Structures are given as C-alpha cells and as structure tokens.
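Each remark here refers to the structure printed beneath this line.
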Amino acid sequence: MAEQHVPIDTYTTPAMRVNVKILRFNPEQDKKAHWETYPVDAQPSDRVLDLLNYIKWYVDPTLTFRRSCGHGICGSDAMLIAGRNRLACKTLLRDVVKDGGTLTVEPIRGLKVEKDLLVDMEPFFDSYRAIMPYFINESPPPAAERLQSPEQAERMAHSSNCILCASCTTSCPIFWVNGSYLGPAAIVQAHRFIFDSRDQATNQRLNIMNQNTGVWRCRTAYNCTEACPRDIPITTLIEEVKRAVMYQQS
Numbered sequence: 001m002a003e004q005h006v007p008i009d010t011y012t013t014p015a016m017r018v019n020v021k022i023l024r025f026n027p028e029q030d031k032k033a034h035w036e037t038y039p040v041d042a043q044p045s046d047r048v049l050d051l052l053n054y055i056k057w058y059v060d061p062t063l064t065f066r067r068s069c070g071h072g073i074c075g076s077d078a079m080l081i082a083g084r085n086r087l088a089c090k091t092l093l094r095d096v097v098k099d100g101g102t103l104t105v106e107p108i109r110g111l112k113v114e115k116d117l118l119v120d121m122e123p124f125f126d127s128y129r130a131i132m133p134y135f136i137n138e139s140p141p142p143a144a145e146r147l148q149s150p151e152q153a154e155r156m157a158h159s160s161n162c163i164l165c166a167s168c169t170t171s172c173p174i175f176w177v178n179g180s181y182l183g184p185a186a187i188v189q190a191h192r193f194i195f196d197s198r199d200q201a202t203n204q205r206l207n208i209m210n211q212n213t214g215v216w217r218c219r220t221a222y223n224c225t226e227a228c229p230r231d232i233p234i235t236t237l238i239e240e241v242k243r244a245v246m247y248q249q250s
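The structure is reproduced here in structure tokens:
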C-alpha cells in the first residue's frame with residue numbers, strides 16, 4: 001500500500017508525523033494477526049480516534065473498529081493503545097507518541113477478535129448480566145421518591161460512574177487466563193447495587209460474589225485501576241465487596 005502523508009486537518013499545518021502500527025486480522029483471509037503501518041500527519045492535540053477515522057475514511061476502508069459517541073461516554077472504543085488499555089476518543093497523540101514515532105494500536109485482550117480491533121463483547125456482558133445489574137426493591141413504592149442521604153449516595157458514587165468499556169476487565173491477568181472470572185467491571189457494577197441503601201438484593205449479589213468466579217479470583221494487580229478511563233478506584237471497590245462478603249459470612 002502506497003504511503004500517504006495528507007494531514008488529518010487540511011486547514012492547519014501538521015506539527016507531527018506518526019506511524020500508526022495496527023494489529024490487523026481478517027478471519028476470512030488471515031490465519032493469524034499481523035501488523036500494518038500507516039504514516040499519518042497530525043496535530044499533537046488530535047485523538048487516536050481521529051487517526052483511526054482518517055485511516056479508515058481515506059487510506060484503508062477495510063480497517064474495522066468499534067466507536068460511537070466519540071466523547072468518552074459510551075465506552076465503545078476501548079483499545080490497547082501504546083501498550084495500555086485506553087479509550088481512543090480520549091487519548092491525545094501528545095500523551096502517547098512523539099513526532100516521528102510509532103504508535104501501536106491493538107484489540108483489547110481476553111476477548112475473541114472478530115476483525116482487526118473489533119472484539120466479541122458478549123462474554124463481557126454475560127458477566128455483567130450475572131450480577132443482576134438492576135434495582136430490586138419489592139416493598140410498596142412511596143408516595144414520592146425512595147430517598148437517600150448524601151452519605152448513602154456517596155457510598156456508591158464511584159461505582160455508578162462505570163461505562164462498561166471493558167478496559168479494566170481486559171487488562172486483568174486473571175481474566176486473560178480464566179474467562180469464567182466475572183472480572184473487575186462486573187464487580188464494580190455489583191458494588192453499585194450492594195451499597196445502594198434502597199436496594200433489597202444485597203445478600204443475593206454477595207452470594208454471587210462469593211462464588212469461585214467472583215471477588216476471590218482478584219489478586220490485586222491494580223491493572224484495572226490504572227486502565228479505567230473514568231478514574232474509578234476499582235481495586236478499592238473490589239476490596240470493599242470482599243469485606244462485605246466476609247461480613248455476611250461472619
């Protein structure tokens with residue numbers, strides 16, 4: 001494929017040239033994944049998603065990846081960028097590569113690669129569904145709202161910020177070798193309801209967490225916390241769930 005050096009933004013002078021090295025895989029053609037490199041002129045403030053869009057739209061339309069909102073809300077464009085799980089829409093070039101350098105982009109690990117950077121998320125969402133990620137309260141609804149104190153709401157504030165991007169779970173070495181492990185994201189979602197003062201299924205979720213696929217698989221590697229694009233203290237939340245399980249058993 002011929003090299004192209006057209007700036008992403010044709011209205012500004014490009015400040016840097018980047019070699020975007022992407023791990024490609026087409027199950028209809030390839031027996032195994034291989035690297036392909038695309039030279040691109042860009043600005044330091046460009047996002048990795050901008051480069052991927054440019055490559056797909058103007059250089060190689062066969063490139064496949066998942067993205068949606070482009071603003072770090074939907075979590076759909078989680079990838080292994082420069083050796084670390086990140087959201088392509090939130091990662092600026094200046095933070096991951098220097099002028100003239102090579103930027104590596106790979107699919108997140110631990111999930112089946114469907115094509116290029118696109119992985120099968122269904123096992124991840126199976127784990128999410130397993131923890132009953134919905135509000136359960138069988139008591140008659142009050143006349144107004146089910147109220148919480150500010151302190152009660154704060155108890156689950158961090159876990160409510162999860163966007164299910166899978167960055168944490170697919171950075172976990174336990175998940176890589178044991179796909180039955182529910183994983184950090186599912187545990188964070190369980191935390192959100194376990195510590196919701198209005199929910200009545202705490203014991204059911206703690207029982208799920210106490211199974212051999214639950215919290216005790218965690219080895220506190222901290223990869224999950226480092227990978228989270230929402231700065232959720234995941235390892236801390238997992239430890240809180242562990243303590244809740246132990247308290248329930250005592």
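Mapped onto UniProt numbering, the consecutive letters of the sequence shown carry residue numbers 1 to 250.
All C-beta atoms in this analysis are idealised placements derived from N, C-alpha and C, irrespective of residue type, glycine included.
Predicted, not measured: the structure shown is a model, and the values here were computed from it.
Practice task
Have a look at ILE187, SER160, PHE135 and flag the residue whose alpha-carbon is nearest the alpha-carbon of THR169.
Solution key: ILE187
Practice task
Would you check if there are 3 or more beta carbon pairs closer than 8 Å linking the segment 206-226 to the segment 234-248?
Solution key: Yes: the two stretches touch, three or more of their Cβ pairs being nearer than 8 Å.
Handout entry: Inter-stretch contact (C-beta, 8 Å, three-pair minimum) for the segment 151-159 and the segment 95-107
Key = no
Handout entry: C-alpha distance - SER167 paired with PRO142, whole-angstrom precision
Key = Rounded to whole angstroms, the separation of the alpha carbons of PRO142 and SER167 is 38 Å.
Problem - Per-residue DSSP class, three states only, for GLU154 - result: Helix at GLU154.
Practice task
Name the one or two DSSP bridge partners that ALA78 has.
Solution key: LEU87
Practice task
Give the straight-line distance between the Cα atoms of VAL40 and LEU117, rounded to the nearest whole angstrom.
Solution key: 19 Å
Practice task
Within the same chain, show all residues whose beta-carbon is closer than 8 Å to that of MET121, passing over the 5 residues directly before and after it, in chain order.
Solution key: LEU111, ALA166
Exercise for the section: Confirm, please, whether the CB-CB distance from SER159 to HIS191 is below 8 Å. Expected result: yes
Problem - Proximity below 8 Å, CB of ILE208 to CB of ILE131 - result: yes
Exercise for the section: With hydrogens ignored, establish whether the beta-carbon of SER197 is closer than 7 Å to any heavy atom of the ligand SAH. Expected result: The model depicted lacks the ligand SAH and carries no ligand whatsoever.
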